[in-house]
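Okay, structure first, notes after.
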Amino acid sequence: MLAGFTLLDDDFMTIVFDRNIVATELVLNVIFGRNDMKVIEVVAQREYKNPVTGGRSIKLDIYARDSDGKVYDIEVQNDDAGADIHRARFHSSMLDTKMLKEKQKFKEIHDSYVIFITKNDYMKMGLPTYHVERTLQETRTLFGDGSHIIYVNGSYKDDADPVGKLMHDFRCTSAVDMFYQELAKSVRHFKETERGQNQVCKAMEMTAEQAMTTLKISDADKVVLAKRF
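Take a look at the structure:
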């Protein structure tokens with residue numbers, strides 16, 4: 428059942444990364460070209476309710492917070508429609524709504540990063556990553572409001588590039604073929620140990636049950652959904 432799963436399957440990815448500080452630090456360090464990032468909290472499937480009545484809420488694939496208070500939303504998007512730039516904007520705005528408490532000063536808001544790891548090269552420019560920043564049009568200088576959006580090209584292939592290695596590992600179906608042992612260790616646990624496989628199965632069964640409860644779907648669709656999990 429789990430043999431064909433990769434980290435580009437968002438359900439499997441959230442299971443591997445939930446509470447997994449080591450793996451999350453690796454991913455962020457590679458994407459940002461650093462080696463010193465310290466993650467202090469990682470939670471999968473964190474739901475952010477829209478404060479507006481009837482407004483759309485979101486469920487983050489991976490929420491992370493580092494030692495500087497910066498927050499990260501890491502999303503895996505297999506379909507281009509799911510990586511729409513307006514969705515990235517909405518995720519960024521929802522992160523901001525949860526950042527300040529009542530009477531806190533606006534300048535106290537921390538930097539936020541929405542990171543879309545896309546199966547395809549969404550921007551179609553052949554680059555490993557795309558950093559989106561607000562700028563002053565007249566001077567081409569950064570606005571510097573602390574809001575950041577990053578697209579990571581999941582189809583990027585270059586084993587000499589750290590991002591290329593990372594995306595190679597995200598596409599791997601077997602831990603033995605991975606470059607980064609921080610990821611290989613976790614994938615091996617969930618795919619090759621009885622305890623890990625049971626954790627995955629239970630988590631996916633719960634996801635399927637929640638989907639069937641939330642959505643009004645036909646019996647035929649239920650069969651398809653059940654096979655997916």
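Residues in the sequence shown are numbered from 428 upward in steps of one, following my numbering.
Virtual Cβ for every residue (Gly too), placed ideally from N, Cα, C.
- Taken atom to atom, the span from the alpha-carbon of D437 to that of I448 is near 18 Å.
- E502 has its alpha-carbon roughly 10 Å from the corresponding atom of K486.
- Nearest to Y578 by C-alpha distance, out of E560, G496, A450, is E560.
- Between the region 609-616 and the region 572-586, the count of Cβ pairs shorter than 8 Å is below three; the stretches do not touch.
- Membership of N456 in any beta strand (DSSP E) is not indicated; the residue belongs instead to the alpha helix (DSSP H) covering 448-459.
- Note that the C-beta distance between T600 and G460 is not below 8 Å.
- Contact annotation: S519 and V541 have beta-carbon atoms nearer than 8 Å.
- Within the DSSP secondary-structure output, L610 pairs in no beta bridge.
- Taking a contact as a CB-CB distance under 8 Å, the pair D500 and L522 counts as one, their CB atoms being some 6 Å apart.
- Counting every other CB atom within 10 Å of its CB across the protein chains shown gives Q531 a total below 16, marking it as exposed.
- For P555 and G591, the gap between their C-alpha atoms comes out near 7 Å.
- In summary, L563 is exposed, with fewer than 16 beta-carbon neighbours lying within 10 Å of its beta-carbon over all protein chains present.
- Within the region 457-489, the complete beta strand (DSSP E) segments of 3 residues or longer fall at 466-475, listed in chain order.
- Collapsing the DSSP output to three states places E560 in coil.
- Counted as a single uninterrupted DSSP element, the beta strand (DSSP E) harbouring F543 occupies residues 539-545.
- The residue among L455, G482, K476, Y490 with its C-alpha nearest the C-alpha of V470 is Y490.
- For I512, the enclosing alpha helix (DSSP H) starts and ends at 512-524.
- Within the same chain, Y557, Y578 come within 7 Å of M550 by CB-CB distance, once the 5 residues on both sides are set aside.
- Taking the C-beta atoms as reference points, Y583 is found no nearer than 8 Å to L453.
- Shown here, I501 sits in a strand according to DSSP, grouped into three states.
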